[in-house]
Amino acid sequence: MIRSLFVFTFVLISGFSIYAQDSTISVKKQKVLLAYEQTEFKAALIKEMAAILKKNSIEYVVIEHSNGALDKEDPANYGAIFISNSGVNSILRPWISEWIKKNENYWPITILHTTQTSNWKVKAPVDAVTSASTKRDVKKLAAKYVEMIKKRLASTQESPSSDE
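Numbering-wise, the sequence shown is residues 1 to 164 according to our numbering.
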């Protein structure tokens with residue numbers, strides 16, 4: 001009887017453990033990658049976005065994307081990817097263009113932010129937004145971009161990938 005009770009308890013606990021592991025798979029897709037190029041404006045923007053995400057209990061990872069750091073991240077670990085890039089001479093940084101090309105499967109969850117003072121329209125296969133590097137706009141822009149991120153997170157929850 002005691003042995004049966006022990007076996008029953010073990011099976012019950014194991015079942016809960018397996019269920020708990022399965023339920024964490026969708027949480028993985030709630031994580032956000034915030035990648036930026038180190039400038040005073042972009043650092044302030046990413047800091048504000050991180051604060052909003054934290055307030056909304058959304059997990060995030062912040063990286064500086066120079067020196068190949070973006071290539072070290074697996075986009076499959078994220079439900080949304082936000083890349084802030086400088087639009088020097090109205091062109092994307094070459095490593096950003098290459099990353100976007102290599103990660104075609106993640107275009108729907110990627111937002112490319114480029115700082116630019118002119119009316120230059122970024123030509124990229126992902127959602128692209130531009131803004132001037134104006135610190136007084138940081139809070140407004142951060143709120144706007146986090147809303148865009150939340151939409152991507154919602155879309156990854158609606159249609160889980162086939163590897164899950």
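Ideal Cβ placement from N, Cα and C applies to all residues, glycine included.
These figures come from a predicted structure and were not determined experimentally.
Are there 16 or more other CB atoms within 10 angstroms of the CB of residue i, so buried, or fewer, so exposed?
i: Gly79; result: buried
i: Arg152; result: buried
i: Val88; result: exposed
i: Thr39; result: exposed
i: Ser26; result: In this prediction, Ser26 has a pLDDT of 39, which is less than 50 and means its spatial position is unreliable; nothing more can be read from the coordinates.
i: Lys72; result: exposed
i: Thr110; result: buried
i: Gln21; result: Residue placement at Gln21 is poorly supported in this model, since its pLDDT is 40, which falls under 50; the coordinates still yield a value, given next. It is exposed - the Cβ of Gln21 has fewer than 16 other Cβ atoms within 10 Å.
i: Thr156; result: buried
Just to confirm, is the Cβ distance from residue i to residue j under 8 Å?
i: Trp112; j: Ala124; result: Note on identity: in this sequence residue 112 is Leu, with Trp being the wrong assignment. Yes, they are a contact pair.
i: Ile58; j: Ala143; result: no
i: Tyr106; j: Ile83; result: no
i: Leu45; j: Val138; result: yes
i: Phe41; j: Thr115; result: yes
i: Val62; j: Ala76; result: no
Return helix, strand or coil for residue i, following the three-state DSSP convention.
i: Glu147; result: helix
i: Tyr78; result: coil
i: Val27; result: Residue confidence for Val27 is low, a pLDDT of 38 falling below 50, so the modelled location carries little weight; the figure read from the coordinates is stated next. Three-state DSSP puts Val27 in a helix.
i: Ser155; result: helix
i: Glu37; result: coil
i: Glu48; result: helix
i: Lys121; result: coil
i: Leu92; result: coil
i: Glu104; result: helix
i: Ala69; result: coil
i: Ser14; result: Residue confidence is low: Ser14 scores 46 on pLDDT, short of 50, so the model does not pin down where it sits. No coordinate-derived value is stated.
Using the DSSP secondary-structure output, state which residues sit across from residue i in a beta bridge.
i: Val32; result: Tyr60, Ala80
i: His113; result: Ser84, Val129
Is the shortest distance between the beta-carbon of residue i and the beta-carbons of chain C less than 8 Å?
i: Ile111; result: Given the protein chain composition of this structure (a single chain), no chain C is represented.
CB of residue i to nearest heavy atom of the ligand ATP: below 7 Å?
i: Met49; result: The ligand content of the structure shown is nil, which means the ligand ATP is not present either.
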